[in-house]
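Asks: The opening position of the sequence shown corresponds to residue 10 in this note's numbering, with each subsequent residue numbered one higher. Take a look at this one; I'll ask things after.
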Amino acid sequence: MSPVLAGVLQLVALVGALALVYVPVGTYMARVYSSSRHLRVERWIYKGIGADPDAEMTWPAYLRGVLAFSAVSVLFLYLLQRLQGVLPGSLHFDSVNPAQSFNTAVSFVTNTNWQSYYGEQTMGHVVQTAGLAVQNFLSAAVGMAVAVALVRGFARSRTGELGNFWTDLVRGTLRILLPGAAIAAVVLVACGAIQNFSGIHEVGQFMGGSQQWNGGAVASQEAIKELGTNGGGYFNANSAHPFENPTPFTNLFEIFLILVIPFSLTRTFGVMVGSVKQGYAILATMATIWIGFTALMMWTEFAHHGPALQAAGGAMEGKETRFGVGASSIFAVATTLTSTGAVDSFHSSFTGLGGGITMLGMQLGEIAPGGTGSGLYGMLIMAVIAVFIAGLMVGRTPEYLGKKIGGREMKLAACYILITPALVLVFTAASMALPTPPHSMLNSGAHGFSEVLYAFTSAANNNGSAFAGLNANTDWFNTMTGLAMLLGRFLPMIFVLALAGSLAGQKPVPATAGTLRTEKPLFTGLLVGAILIITGLTYFPALALGPLAEGLAS
Numbered sequence: 010m011s012p013v014l015a016g017v018l019q020l021v022a023l024v025g026a027l028a029l030v031y032v033p034v035g036t037y038m039a040r041v042y043s044s045s046r047h048l049r050v051e052r053w054i055y056k057g058i059g060a061d062p063d064a065e066m067t068w069p070a071y072l073r074g075v076l077a078f079s080a081v082s083v084l085f086l087y088l089l090q091r092l093q094g095v096l097p098g099s100l101h102f103d104s105v106n107p108a109q110s111f112n113t114a115v116s117f118v119t120n121t122n123w124q125s126y127y128g129e130q131t132m133g134h135v136v137q138t139a140g141l142a143v144q145n146f147l148s149a150a151v152g153m154a155v156a157v158a159l160v161r162g163f164a165r166s167r168t169g170e171l172g173n174f175w176t177d178l179v180r181g182t183l184r185i186l187l188p189g190a191a192i193a194a195v196v197l198v199a200c201g202a203i204q205n206f207s208g209i210h211e212v213g214q215f216m217g218g219s220q221q222w223n224g225g226a227v228a229s230q231e232a233i234k235e236l237g238t239n240g241g242g243y244f245n246a247n248s249a250h251p252f253e254n255p256t257p258f259t260n261l262f263e264i265f266l267i268l269v270i271p272f273s274l275t276r277t278f279g280v281m282v283g284s285v286k287q288g289y290a291i292l293a294t295m296a297t298i299w300i301g302f303t304a305l306m307m308w309t310e311f312a313h314h315g316p317a318l319q320a321a322g323g324a325m326e327g328k329e330t331r332f333g334v335g336a337s338s339i340f341a342v343a344t345t346l347t348s349t350g351a352v353d354s355f356h357s358s359f360t361g362l363g364g365g366i367t368m369l370g371m372q373l374g375e376i377a378p379g380g381t382g383s384g385l386y387g388m389l390i391m392a393v394i395a396v397f398i399a400g401l402m403v404g405r406t407p408e409y410l411g412k413k414i415g416g417r418e419m420k421l422a423a424c425y426i427l428i429t430p431a432l433v434l435v436f437t438a439a440s441m442a443l444p445t446p447p448h449s450m451l452n453s454g455a456h457g458f459s460e461v462l463y464a465f466t467s468a469a470n471n472n473g474s475a476f477a478g479l480n481a482n483t484d485w486f487n488t489m490t491g492l493a494m495l496l497g498r499f500l501p502m503i504f505v506l507a508l509a510g511s512l513a514g515q516k517p518v519p520a521t522a523g524t525l526r527t528e529k530p531l532f533t534g535l536l537v538g539a540i541l542i543i544t545g546l547t548y549f550p551a552l553a554l555g556p557l558a559e560g561l562a563s
């Protein structure tokens with residue numbers, strides 16, 4: 010079987026698996042967030058934290074819950090790393106230094122999972138399991154909660170109430186992420202991923218020295234790392250490491266885990282707003298971009314230039330031979346079009362244009378299908394903008410799902426789409442202009458610029474993957490990427506929740522003959538075009554200095 014055919018067949022199998030679970034998973038999540046029943050264990054949690062699960066919240070109260078919970082999570086994870094040296098199960102690792110502790114705490118709480126350290130040489134069992142793995146669940150649940158709040162804003166009318174953050178957080182964790190991750194972990198263990206709490210072992214003599222590996226609760230962390238679109242690996246090699254991702258089947262299964270919740274949330278959206286066709290329209294938009302990017306990536310990586318690439322069957326540099334070009338391309342697109350950031354290959358070693366595709370996927374806002382929750386609310390913001398553009402074209406007040414899109418709504422949507430590019434471009438420009446940060450670049454020229462641009466694109470969009478050529482473990486990059494992650498996560502959430510509150514307070518507008526049918530293919534095409542054009546106009550100059558220049562020169 011040719012490598013190209015193998016890659017295409019894996020893509021077909023992945024699409025089939027996602028289609029099979031789309032309706033049951035999406036409908037189940039809608040029931041979880043719409044139910045009035047509380048499980049006994051949930052009641053215990055609410056009592057322990059002093060929350061009333063039946064109390065409705067306005068958008069400012071909901072936002073205060075998000076920010077307060079996240080702030081406590083950052084502080085807890087920071088202290089856990091700073092105290093690692095005196096904790097049991099630390100594998101005799103020292104406490105993590107302040108700058109890196111801050112960066113890592115922010116990274117995992119914001120669902121970014123950017124890692125400027127070697128996981129197997131820095132974090133012991135306690136920090137990995139009680140700190141990082143726990144935040145993999147909680148940060149994903151926060152994103153889903155904010156998405157559901159926005160959906161309620163579209164579904165409700167004449168009220169400022171968006172539900173209860175604590176209820177949404179607990180239900181997302183206990184009813185969706187925890188059972189899903191448990192099943193996935195069992196599958197990974199059965200297929201060869203490790204799951205233990207062993208210490209450090211010497212595994213042989215190499216060039217006069219020994220190589221050491223430590224075990225860990227890898228399969229369980231790998232499961233929620235992918236299911237929650239987190240991405241932080243137990244080992245520095247991430248999902249290219251055989252302990253995390255041992256076989257071609259587990260590789261495809263992990264891609265499935267990355268995509269299943271973000272795609273299925275479109276069904277949840279359709280059910281909760283009372284029109285599954287609206288969910289299918291959003292799904293079609295996401296799927297069109299995802300399949301297009303995957304096809305383009307596979308084409309760039311299979312394009313043969315020179316005898317070495319022809320002999321290898323594609324651009325195999327930086328890719329695992331057990332996965333090949335096709336599976337690596339699918340994984341790279343899935344992880345950068347979501348907020349996952351996990352890697353089974355090194356993006357820095359992709360072709361110039363291939364590396365640009367991974368970067369552009371993040372710059373779209375990671376909305377195709379995006380992260381757990383963040384992808385849905387990001388796509389709905391773009392839908393609001395597309396409706397506004399259509400309204401300008403036909404000369405009538407734009408409406409979406411029976412809600413008028415007026416000046417207030419457009420200001421909030423515009424702030425949402427502007428804040429992340431501003432963070433990316435400003436931090437990248439500062440890093441290139443100052444004398445010290447460029448010393449962290451492994452390469453010069455266009456590829457070196459791409460390393461820095463990729464780092465801040467990844468941080469501000471809460472992705473977490475890296476171009477693997479940048480030494481980001483410096484005070485500058487630890488601090489600046491930490492700030493980019495914080496601002497890139499929570500500033501957009503402010504605008505999302507404010508928009509949700511504005512929409513929920515409106516009374517529904519009846520559809521007329523002039524109302525744009527947002528469940529039709531025409532709107533899907535408009536939405537795809539708006540996303541690509543807005544992103545292109547924003548980032549093209551920066552891309553032209555990096556991956557485009559490198560790709561055209563090769």
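Cβ coordinates follow ideal geometry from the N, Cα and C atoms, glycine included.
1) Which of helix, strand or coil does DSSP assign to ASN145?
2) Taking the straight line between their C-alpha atoms, what separation do you get for THR297 and ILE291?
3) When every heavy atom of the ligand FMN is checked, does at least one fall within less than 7 Å of the C-beta of ALA249?
4) Is it the case that the Cβ atoms of TRP123 and THR490 are separated by a distance below 8 Å?
5) Among THR533, ALA468, ALA493 and ALA455, which one has its Cα closest to the Cα of ALA562?
6) As a quick exercise: from ASN260, LEU346, VAL34 and THR259, pick the residue whose alpha carbon is nearest that of PRO188.
7) Any idea what DSSP makes of MET132, helix, strand or coil?
8) Measuring alpha carbon to alpha carbon, tell me which of VAL195, LEU385, LEU171 and ASN223 ends up nearest ARG73.
9) Suppose only complete runs of 4+ residues qualify. What are the alpha helix (DSSP H) ranges in the region 135–191, listed by chain order?
10) Helix, strand or coil, according to DSSP, for MET564 in the structure here?
11) Determine whether the beta carbon atoms of GLY98 and VAL135 lie at a separation below 8 Å.
12) Mind listing, in chain order, the continuous alpha helix (DSSP H) runs of no fewer than 4 residues lying wholly within the region 372–460?
13) Apart from the five residues on each side of it in sequence, which residues of its chain come closer than 7 Å, Cβ to Cβ, to PRO556?
14) For PHE353 and LYS328, what's the separation of their Cα atoms in angstroms?
15) If distances are taken between C-alpha atoms only, which option among LEU462, THR527, THR303 and THR429 comes closest to MET441?
16) Based on Cα-Cα distance, which residue from ALA377, ARG161 and PRO271 lies nearest to VAL537?
17) How many angstroms separate the CA atom of PHE146 from the CA atom of LEU186?
18) Buried or exposed: ALA199, going by 16 or more other Cβ atoms within 10 Å of its Cβ?
19) Starting from GLN8, trace the alpha helix (DSSP H) both ways and give me its first and last residue.
20) Rounded to the nearest angstrom, what separates MET295 and PHE272 at their Cα positions?
21) Just to confirm the assignment, what range does the alpha helix (DSSP H) spanning ALA493 have?
22) Give me the DSSP bridge partner(s) of TRP53.
23) Closer than 8 Å is the cut-off here; do at least three beta carbon pairs connect the region 464–484 with the region 336–356?
24) In the structure shown, what three-state DSSP assignment does LEU88 receive?
25) Whole-angstrom Cβ separation of ALA114 and GLN90, contact assumed at under 8 Å?
26) Using a Cβ-Cβ cutoff of less than 6 Å, which residues in the same chain neighbour LEU274 once the five nearest sequence positions on both sides are dropped?
27) Let me know the beta strand (DSSP E) ranges lying completely inside the region 537–561, each 3 residues or longer, listed in chain order.
28) Within its chain, find whatever has a CB closer than 8 Å to the CB of ASN452; leave out the 5 residues flanking it on each side and keep chain order.
29) Pull up the distance between the alpha-carbon of ALA202 and that of GLN109, whole angstroms please.
30) So PHE302 and GLY370 are supposed to be a Cβ contact under 8 Å. How far apart are they, rounded?
31) For MET281 versus VAL160, is the C-beta spacing smaller than 8 Å?
32) Candidates GLU263, ILE54 and LEU141: which alpha carbon is nearest GLY225's?
33) Is ALA570 near ARG165, with beta carbons less than 8 Å apart?
34) Tell me the DSSP bridge mates of SER354?
35) In its own chain, which residues sit with a C-beta less than 7 Å from the C-beta of TRP485, not counting the 5 before and 5 after it?
36) Give me whichever residues DSSP pairs with LEU211 in a beta bridge.
Replies: With the given structure in hand:
1) Here ASN145 sits in helix by DSSP.
2) Pairing THR297 with ILE291, the inter-Cα distance amounts to about 10 Å.
3) What this structure holds is no ligand at all, so the ligand FMN is not there to describe.
4) Their beta carbons are under 8 Å apart, which means TRP123 touches THR490 by this criterion.
5) Of THR533, ALA468, ALA493 and ALA455, the residue nearest in Cα terms is ALA455.
6) Nearest C-alpha to PRO188: VAL34.
7) In this structure, MET132 counts as coil in the three-state DSSP scheme.
8) Nearest option by C-alpha distance: LEU171.
9) If we require 4 residues or more, the alpha helix (DSSP H) runs fully inside the region 135–191 come out as 143–164 and 174–180.
10) Because the chain is modelled from 10 through 563, residue 564 falls outside the range shown and cannot be assessed.
11) In this structure, VAL135 lies closer than 8 Å to GLY98 by Cβ.
12) Taking 4 residues as the shortest admissible run, the region 372–460 contains the following complete alpha helix (DSSP H) segments, listed from N- to C-terminal end: 383–403 and 416–442.
13) Cβ neighbours of PRO556 beyond the five flanking positions: GLY361, LEU362, GLY364, GLY365, MET368 and SER459.
14) The question names Phe, but residue 353 is Asp in the sequence shown. Approximately 7 Å, taken between the alpha carbons.
15) Looking from the CA of MET441, the closest CA among LEU462, THR527, THR303 and THR429 belongs to LEU462.
16) The residue with the shortest Cα to Cα distance from VAL537 is ALA377.
17) Distance between the alpha carbons of PHE146 and LEU186: 7 Å.
18) Result: exposed.
19) Since the first residue shown for the chain is 10 and the last is 563, residue 8 is missing from the structure and cannot be characterised.
20) Counting only the Cα atoms, PHE272 lies some 8 Å from MET295.
21) In this chain, the alpha helix (DSSP H) harbouring ALA493 covers 484–513.
22) In the DSSP output, where bridge partners are listed per residue, TRP53 has none listed.
23) Three or more beta-carbon pairs separated by less than 8 Å link the region 464–484 to the region 336–356, which places the two stretches in contact.
24) The DSSP-derived three-state label of LEU88 is helix.
25) Yes, they are in contact, since the Cβ atoms of ALA114 and GLN90 sit about 7 Å apart, within 8 Å.
26) Only LEU385 meet the Cβ criterion.
27) Entirely contained in the region 537–561, not one beta strand (DSSP E) run reaches 3 residues.
28) The beta carbon of ASN452 sits closer than 8 Å to those of GLU460 and GLY478, all from its chain and outside the five residues before and after it, given in chain order.
29) Cα to Cα, ALA202 sits roughly 28 Å from GLN109.
30) Right, the Cβ-Cβ distance comes to about 6 Å (below 8 Å), so this counts as a contact.
31) Yes. Within cutoff.
32) For GLY225, the nearest C-alpha among the options comes from LEU141.
33) Here the chain covers residues 10 to 563 and nothing more, so residue 570 does not appear.
34) For SER354, which the question treats as bridged, DSSP gives the partners LYS328.
35) Sequence-distant Cβ neighbours of TRP485 in its own chain, meaning closer than 7 Å and more than five residues away, are THR445 and PRO446.
36) First, the residue type needs correcting, since residue 211 is Glu and not Leu in the sequence shown. Note: GLU211 sits in a beta bridge opposite GLN221.
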